[in-house]
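In the numbering used here, the protein residues as written are 1 to 869. All residues carry an ideal CB built from backbone N, CA and C; glycine is no exception. Please read all numbers here as calculations on a predicted model, not as lab measurements. What follows is a set of notes on a single structure, which appears directly below.
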RNA sequence: GCCCGGGUGGCGGAAUGGCAGACGCUGAGGACUUAAAAUCCUCCGGGGAUUUUUCCUCAUGUGGGUUCGACUCCCACCCCGGGCACCA
């Protein structure tokens, strides 16, 4: 009799796995491949159970697939560049590399302690020159293709990070993603960008390939983020300023143009200054503008902020109606989106409505609901067509608005903006057309007349990758006084980080303050040149790391395309919802760039994505800053890795948040002890037994019952693993099987050793993906000498299929949908058999008595329902 | 405001049209023990009737609907969580 000793067992098997190299893998075209990956961790301090859950889920998948005969790639590495390392280094007066490597060592020790089945030979660390040189290599390739460029622009600056942030890193309407209490400032800086917008269309369109295998909300979030909107750009001529260029506006609702009562410019619009030069109330307007520009820095409550604006004193001409409408400046118009100018249609846009109400602009209605006979439209004629003209029609006359148009109920003002599609009205020759058709015809008209064109506008902007910090990939370019910007030649890569930077966390970038780094020579003339001192956003590192796993030690290229061709795309990616936009969008972009460089042959890098829930304690996510973490190593020391793994899988389905409970984990610990005792008790008797031959002859009832429940459990557990990822209910089934075996004790009475062996082996195999150490140990105790990790997953075949079937069924009998009794009937009983037996049953008879059976519903082997009146 | 999730015992959760509450935690009782721990067994949604057995009834956020039958499908609403939010 041995006690379950997880510390001993777990160390023993981890050593054996490493010695036998069971998780090391190579491309092998004779086997189906399976690439399962958990998102690469940022190694920060100690690992807690929130991290652990992610890896536990991935490891179950990897182990199940391995047992099912797949060639499994399951690697791990480190997202090792980043600000926390630099900040910690400043604080402790050490080097970021020291802090980072200590953390990596700690994380690695923890992951090894949990026995995850990684191929550790493939481990990568993004802060190593062997890795980041390929960031630089990709950058140069993008530079050649015009996908990397430099421009001066307004950027998001986090005063705490002392660096710029990408748009994606600005959260909660204007705060830093790393410092949620810090407002992001707006600064004008010269920055490096990657042209994500060049792939905007593909990034939206290819989301279709992911439908059904990525979580719907991730797809929606990406689609919203890219924000493609189809509309038209139109030119409005400034009527009363000589030499002023026309104002270009973007609209998705060209059909509402007859209702435009103002042009509104963004405060930062280049034309504003010119218009004000010539403005009667120039001084006042300029002070308002200054105020507006200042307050627009605070983007925090932008959506709720009041709309303010002022009249420039000038007018523009509506190209459709010929009407002169005032040009305003408004704080709610964004320079970054569209053209930085809009036409305001108060009757059909909520924002314009609000603005017009405040400043008393007219709100003529030009679209009416097409829904028949609503209260508003009841009085309207049904056929608007008589007023409509084809696209060949002449430019429409200026519409006569107001009470003169007795054919509609609109009298020039609306109570509420009507923003839906409907029928055009008061729109000259386009009146009466459904909105969709009006949009088409009016766009065509504008194109024909040359004052507008069809246009697609994206919310997505280019990815700003410049960071003014040390601990990242240097951008490989130099600036020569004579030859300007020069890429570092490929053969000179990597551009190494200087080993001993001065890190202060203040002022300019640390690299700029390191003269030996800045000093360079021009690749063209050899003369003195200045090296670029920005480093890359760390999301560059994580955009392609999963390719490097396929070929981690390649010194000639980021990877061998043949190897990537074998492993890609990733079959299953697992990580938190927090990366729904940033990491996953950049990765998709990177993949498309690599495809166009001829490096990979697929459109999308990740076939299936799973976003697991968080581990919480006290109702909030575990995090160091909240101080509510349960350390993974502590867990392993107290209960062992298997108990920790089992509990995180059992306590909640993987997609849901999990509330950590110290009490509940005891249950998982008890269960493993219970299973271990069972195997231990029978090991001696079973170890040398021959395998069972599945011969049903001569089986005792006890044997049959035990085998039946075992096989049924096996089938259900397999389904939970493969089809539904319901690990919690898989574990529940295994617990139930264990309980059944206990109730059949003592097994020595009436259960032959070979049948006991069959039952206990299946129990062990079912547990193996989740609690691999104890399973290996029990597998060995049961007399197996080959390891469990590549043992075939148990599947019912031949005689076993018969043995799994119930020979007696319990059929609930309902009367009018309420269960009145359950009947035991032999398997294969017909409807007539069941009905006859039911009607003879006293409990049923009580409810049927005196009534007429009007209907009888029988679901074979499931249920009988008698409908009575 | 818009778009996703979700709402089931004291708790985590199970059941995706067919016996609601599997499995686990907590709690109660029993067995073993000198005793304790560990272990093993039994019970554990509410109300009522009957009294060691069993039966009835209510109950899956609320109100309707579809169906022989609804936690599950449809409609409306309430609450909780998350995402997006002047994107023209």
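query, result
"Per DSSP, cross-strand counterpart(s) of residue 633", "According to DSSP, which records beta bridges pairwise, residue 633 is partnered with nothing at all."
"Straight-line gap, residue 557 to residue 148 (C-alpha atoms, nearest Å)", "20 angstroms"
"Which of helix, strand or coil DSSP assigns to residue 726", "coil"
"Which residues DSSP lists as bridging residue 247, in chain order", "236"
"6 angstroms Cβ shell around residue 703 - same chain, five flanking residues per side excluded", "751, 755"
"C-alpha gap between residue 615 and residue 571, whole angstroms", "25 angstroms"
"Inter-residue spacing [alpha-carbon to alpha-carbon] between residue 554 and residue 560", "8 angstroms"
"8 angstroms contact criterion, which residue 57 and residue 654 should meet: CB distance rounded", "5 angstroms"
"Straight-line Cα distance separating residue 346 from residue 356", "6 angstroms"
"Residue 776, buried or exposed, once every other Cβ within 10 Å from all chains shown has been counted against 16", "buried"
"Alpha helix (DSSP H) segment containing residue 586, residue limits", "582–596"
"7 angstroms CB neighbourhood of residue 260 in its chain, flanking five on each side removed", "318, 325, 343, 344, 345"
"Pairwise C-alpha distance: residue 67 and residue 875", "Any question about residue 875 goes unanswered here, given that the chain covers just 1 to 869."
"Segment limits, alpha helix (DSSP H) that includes residue 470", "Unbroken run through residue 470: none, as it is neither H nor E."
"Simplified DSSP state of residue 795, which is helix, strand or coil", "coil"
"Pairwise C-alpha distance: residue 154 and residue 351", "25 angstroms"
"C-alpha distance - residue 766 paired with residue 717, whole-angstrom precision", "7 angstroms"
"At least three beta-carbon pairs within less than 8 angstroms, the stretch 671–681 to the stretch 717–727", "no"
"Limits of the unbroken beta strand (DSSP E) element including residue 327", "324–330"
"Closest residue to residue 201 among 184, 649, 652, 592 (Cα-Cα distance)", "592"
"Three-way DSSP call (helix, strand, coil) for residue 193 in this model", "strand"
"Coarse secondary structure for residue 934, derived from DSSP in three states", "Outside the displayed range of the chain (1 to 869) lies residue 934, so it cannot be described from this structure."
"Distance between residue 85 and residue 97 (C-alpha atoms, nearest Å)", "8 angstroms"
"Cβ pair residue 236, residue 245 closer than 8 angstroms", "no"
"Stretch-stretch touch, CB-based, cutoff 8 angstroms, three pairs: the stretch 106–116 with the stretch 629–649", "yes"
"Counted within 10 angstroms of its Cβ, other Cβ atoms place residue 844 as buried (16 or more) or exposed", "buried"
"Supposed contact pair residue 486 and residue 164 - C-beta distance, whole angstroms, cut 8 angstroms", "Not really, about 23 angstroms apart at Cβ, beyond 8 angstroms."
"Whole-angstrom distance between residue 521 and residue 601, CA atom to CA atom", "38 angstroms"
"The stretch 824–837 contacting the stretch 774–788, beta-carbon criterion three pairs below 8 angstroms", "no"
"Residues of its chain near residue 627, where Cβ-Cβ distance is below 6 angstroms and the 5 sequence neighbours each way are ignored", "none"
"Cβ neighbours of residue 524 in the same chain (closer than 7 angstroms, five flanking residues each side left out)", "480, 483, 486"
"Completely contained alpha helix (DSSP H) runs for the stretch 69–100, where each covers 4 or more residues", "83–92"
"Environment of residue 857 [buried if 16+ CB atoms lie within 10 Å]", "exposed"
"Helix, strand or coil at residue 612 [DSSP, three-state]", "coil"
"Sufficient close CB pairs (3 or more, under 8 angstroms) joining the stretch 493–513 to the stretch 23–43", "no"
"Every unbroken alpha helix (DSSP H) within the stretch 685–766, with a cutoff of 4 residues, ordered by chain", "701–719, 727–744"
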